[in-house]
Structure formats: C-alpha cells, structure tokens
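The block underneath contains the structure these notes are about, expressed in structure tokens.
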Amino acid sequence: MSLELGGNAPFIVFDDADLDKAVEGALASKFRNAGQTCVCANRLYVQDGVYDRFAEKLQQAVSKLHIGDGLDNGVTIGPLIDEKAVAKVEEHIADALEKGARVVCGG
Numbered sequence: 001m002s003l004e005l006g007g008n009a010p011f012i013v014f015d016d017a018d019l020d021k022a023v024e025g026a027l028a029s030k031f032r033n034a035g036q037t038c039v040c041a042n043r044l045y046v047q048d049g050v051y052d053r054f055a056e057k058l059q060q061a062v063s064k065l066h067i068g069d070g071l072d073n074g075v076t077i078g079p080l081i082d083e084k085a086v087a088k089v090e091e092h093i094a095d096a097l098e099k100g101a102r103v104v105c106g107g
C-alpha cells in the first residue's frame, strides 16, 4: 500500500503481500525521478513476518538500477537536482547509520 499524504508518504508491506509486486511498487514509488517528487514514498514499513525476504528482494532489485546521466542509454536513475539535494541524502544516511542502520547496497 502506498499513501500520498502531503509529502509524508509511507509505503506499507503487510505479511500477506505479494513480495515481488511489493518490491516493484516500492521501486516505482521511491525511485521515480530519483525520489524527487512529492508522491515518492519517504519511508517503508514492512511487517516482521516478511521483513527479511522483502529486504533481500528489494536489495537485489535496487542493485540492478543504473545511476548516471538520465539521457544515457541504460540509465534507470538520473542525478539528484543539485549539491544541496546530495547533502540532504548524505545527512539522512549518516543519521540512519548512527541509529543502527546498515548499508546493504551501494555506499
């Protein structure tokens, strides 16, 4: 389930979800325009019963994305809009790591 709540949009995966479709939906919801639209999910909530399987499938799918110049062939994720946006993402990553998160793709 994806909700657009005024720029505060969660993506929720329940235990009975079709995980392949959930991953597909999460990719579309989070990575559209490099995550720079108001309807992009800004967090994912996944029930415990499917968390590990969903996380692995999502990691595998994200690792197949190709980041680069959005006009180049084969690129699936274009750049962030400016250095300020890059700094914001880097701050979010640092904050998550300080709180116990771990990087499973990229980095």
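Under full-length UniProt numbering, the letters of the sequence shown match residues 1 to 107, in that order. Idealized CB from N, CA, C, for every residue including glycine.
Nearest-angstrom Cβ-Cβ length linking Ile93 and Phe31, presumed shorter than 8 Å:
Position 93 of the sequence shown, counting from 1, holds the residue named residue 93. Position 31 of the sequence shown, counting from 1, holds the residue named residue 31. The Cβ separation is near 16 Å, so there is no contact.
Tell me the residue span of the alpha helix (DSSP H) that contains Met54.
Along the sequence shown, one-based indexing puts residue 54 at 54. Note that residue 54 is Phe in the sequence shown here, rather than Met. It spans Asp48 to Ser63 - the alpha helix (DSSP H) in which Phe54 sits, taken as one unbroken run.
Ala97 in three-state terms, based on DSSP:
Indexing the sequence shown from 1 puts residue 97 at position 97. For clarity, residue 97 is Leu in the given sequence; the question names Ala instead. Reduced to three states, the DSSP call for Leu97 is helix.
Which partner residues does Ile67 have in the DSSP bridge list?
To locate residue 67, count along the sequence shown from 1; it is residue 67. Its beta-bridge partners are Ile77.
Going by the C-beta, is Ala41 closer than 6 Å to any heavy atom of the ligand GTP?
The ligand GTP is not part of this structure, which contains no ligands at all.
Would you kindly check if the distance between the Cβ of Phe11 and the Cβ of Ala26 is under 7 Å?
Here residue 26 corresponds to residue number 26 of the sequence shown, with the count starting at 1. Here residue 11 corresponds to residue number 11 of the sequence shown, with the count starting at 1. Cβ atoms of Ala26 and Phe11: closer than 7 Å.
Please report the straight-line C-alpha distance between Val75 and Gly68, rounded to a whole angstrom.
To locate residue 75, count along the sequence shown from 1; it is residue 75. To locate residue 68, count along the sequence shown from 1; it is residue 68. In a straight line, the C-alpha of Val75 is about 6 Å away from that of Gly68.
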